[in-house]
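Undergrad:
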Amino acid sequence: MTGPGIHPEVRLSHTDAFTFRDWLATGQATALVPVGAFEQHGPHLPLGTDGLLSTAIAEAVARQTGARVAQPLTYGYKSQQKSGGGNHLPGTVSLDAVTLIGVTRCLVSSLLAQGVRHVVLLNGHYENYQFLYEGVDLALGDLGLSAEDGPSVVLLSYWDYVSEQTLGAVYPDGFPGWDIEHGGVLETSLMLHLEPGLVQLERAVDHPPAQLPRFDRLPVVAGRTPETGCLSAPTGSDAGKGRLMFEQVVADLSADLVAELGLAAGPA
Ligand code: ZN
Ligand code: MN
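Have a look at this one:
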């Protein structure tokens, strides 16, 4: 039951209330909130891929920094055709923007009101970002927080931590771009490293990257999304690439949080 992404000791869901109180009392409690989606990822990856990956990264970062992982938010904003294949596809169950903003606002307000010093939203679903940002901004307004040296919120999408050097190793034939990395080499390789039992590589289909217009059209023209629901093929994915990306992202993100929030470096 243990693997690179399964660390119950850093999960607040596995922590009792009195231990939680002691953690708050340190005055330096940092909660990582993984965010994902319920979204089709082609025939070879599970619907919860985005949240499984953000949670695994959060757990590894928590182990490096002494932070803790709050319960993940495993629904996300609507899948868009040019980044997730589209919200019309079976297997995609989404929140609207108002709801995601509201949920984010409540979670951030509640965690900070409890005495958490810093909240880190670790996003794993492309379409979420601006709505998470808005929820954070509204929560800080609710709490009247504006001091630079006080409680704060950090927001990021994990793929922004993949370095140029790592990209070169993972995509020897050229990088297709983060927006169409849906069900492709990034997510498939990470899943092969972290959750290999949930990947059905024999069902993966090779096809050219999706050719999508510069505009969005609604209702979506369904035929523009490749049959697989993936925007780029997982061809060339392997666990070694997943491990390379995972370890580099965890190291660089941990270093950033140590520097930015004054967390402890090294295994907790
Ligand atoms: Zn995804
Ligand atoms: Mn997604």
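Heads up, the sequence shown is in the numbering used here, so the first residue is -17 and it goes up one at a time. For each residue, glycine too, the CB sits at the ideal point set by N, CA and C.
Could you check whether A7 and H100 sit closer than 9 Å to each other, using their CB atoms as the reference points?
TA: No, the Cβ-Cβ distance between H100 and A7 is not below 9 Å.
Undergrad: If H175 sits next to A221, beta carbons under 8 Å apart, how far is it from one beta carbon to the other, in whole angstroms?
TA: With 8 Å as the limit, H175 and A221 qualify as a contact, their Cβ atoms being about 5 Å apart.
Undergrad: Kindly indicate which three-state DSSP category T12 falls into: helix, strand or coil?
TA: Here T12 sits in strand by DSSP.
Undergrad: Keeping to the same chain, check which residues put their C-beta closer than 6 Å to that of I83; ignore five residues upstream and five downstream.
TA: F113, E116 and G117.
Undergrad: Please list, in chain order, all residues of the same chain as D198 whose beta carbon is under 8 Å from its beta carbon, the five residues on each side excluded.
TA: Correct list, in chain order: Q62, Q63 and K64.
Undergrad: Name the DSSP bridge partner or partners of Y115?
TA: For Y115, which the question treats as bridged, DSSP gives no partner whatsoever.
Undergrad: Within a Cβ cutoff of 6 Å, which residues of the same chain sit near L122, ignoring the five residues on either side of it in sequence?
TA: Cβ within range, chain order: n/a, list empty.
Undergrad: Thinking C-alpha only, which one of Q193, L138, V232 and L55 is nearest T31?
TA: When each option's Cα is compared against that of T31, the closest is L55.
Undergrad: Can you round the beta-carbon distance between W5 and R45 to whole angstroms, since I take them to be within the 8 Å contact cut?
TA: No, W5 and R45 are not in contact; Cβ-Cβ is about 15 Å, not under 8 Å.
Undergrad: For V136, which residues of its own chain have a beta-carbon under 8 Å away from its beta-carbon, when the five flanking residues on both sides are left out?
TA: Excluding positions up to five away in sequence, the list reads H100, V101, V102, L103, L239, E242 and L243.
Undergrad: Could you compute how far the alpha carbon of G126 sits from the alpha carbon of E184?
TA: Their backbone Cα atoms lie some 53 Å apart in a straight line.
Undergrad: Kindly give me the distance between the Cβ atoms of A192 and L213, rounded to whole angstroms, as I take these residues to be in contact under 8 Å.
TA: Between L213 and A192 the Cβ distance is about 4 Å, and since that is below 8 Å, they are a contact.
Undergrad: Quick check: the Cα distance between G73 and F20, rounded to an integer number of angstroms?
TA: Cα-Cα distance, rounded: 7 Å.
Undergrad: Mind checking which residues open and close the alpha helix (DSSP H) that includes V80?
TA: Its alpha helix (DSSP H) spans residues A79 to Q96.
Undergrad: Tell me which same chain residues have a C-beta within less than 6 Å of the C-beta of Y143, skipping the five on either side of it?
TA: Cβ within range, chain order: V231, D234 and L235.
Undergrad: Looking at the structure shown, is H107 part of a helix, part of a strand, or coil, going by DSSP?
TA: Three-state result, H107: coil.
Undergrad: Compute the Euclidean distance between the alpha carbons of S91 and H70, then round it to the nearest angstrom.
TA: Taking the straight line joining both Cα atoms gives about 32 Å.
Undergrad: Would you say the beta carbon of E184 comes nearer than 8 Å to a heavy atom of ligand 2?
TA: It does not: the Cβ of E184 is nowhere closer than 8 Å to a heavy atom of ligand 2.
Undergrad: In whole angstroms, what separates the C-alpha of L200 from that of R206?
TA: If I take the Cα positions, the gap works out to 12 Å.
Undergrad: Taking a contact to mean a Cβ-Cβ separation below 9 Å, would you say G165 touches G33 in this structure?
TA: No, these two residues do not count as a Cβ contact at 9 Å.
Undergrad: I believe S219 touches S145 by the beta-carbon criterion, under 8 Å. Please report the beta-carbon distance rounded to the nearest angstrom.
TA: Not confirmed; about 19 Å, so no contact.
Undergrad: Output yes or no for whether 9 Å exceeds the beta carbon distance between T47 and A204.
TA: Against a cut-off of 9 Å, the Cβ pair of A204 and T47 comes out as no contact.
Undergrad: Once the 5 residues before and after H(-11) are set aside, which same chain residues still bring their CB inside 7 Å of it?
TA: Excluding positions up to five away in sequence, the list reads E41 and R45.
Undergrad: Check L127 in the structure and name its three-state DSSP category.
TA: The answer is coil: DSSP assigns L127 none of H, G, I, E or B.
Undergrad: Relative to ligand 1, is the shortest distance from any of its heavy atoms to the C-beta of Y108 smaller than 8 Å?
TA: Yes.
Undergrad: If you measure between the beta carbons of L89 and P133, is that distance less than 9 Å?
TA: Not in contact: L89 and P133 (Cβ atoms no closer than 9 Å).
Undergrad: Determine the extent of the beta strand (DSSP E) in which L137 is found, giving its start and end residues.
TA: Per DSSP, L137 belongs to the beta strand (DSSP E) from S134 to S139.
Undergrad: Take A151 and list the residues in its own chain whose beta-carbon comes closer than 8 Å to its own, dropping the five residues that flank it on each side.
TA: Taken in chain order, the residues that qualify are K223 and L226.
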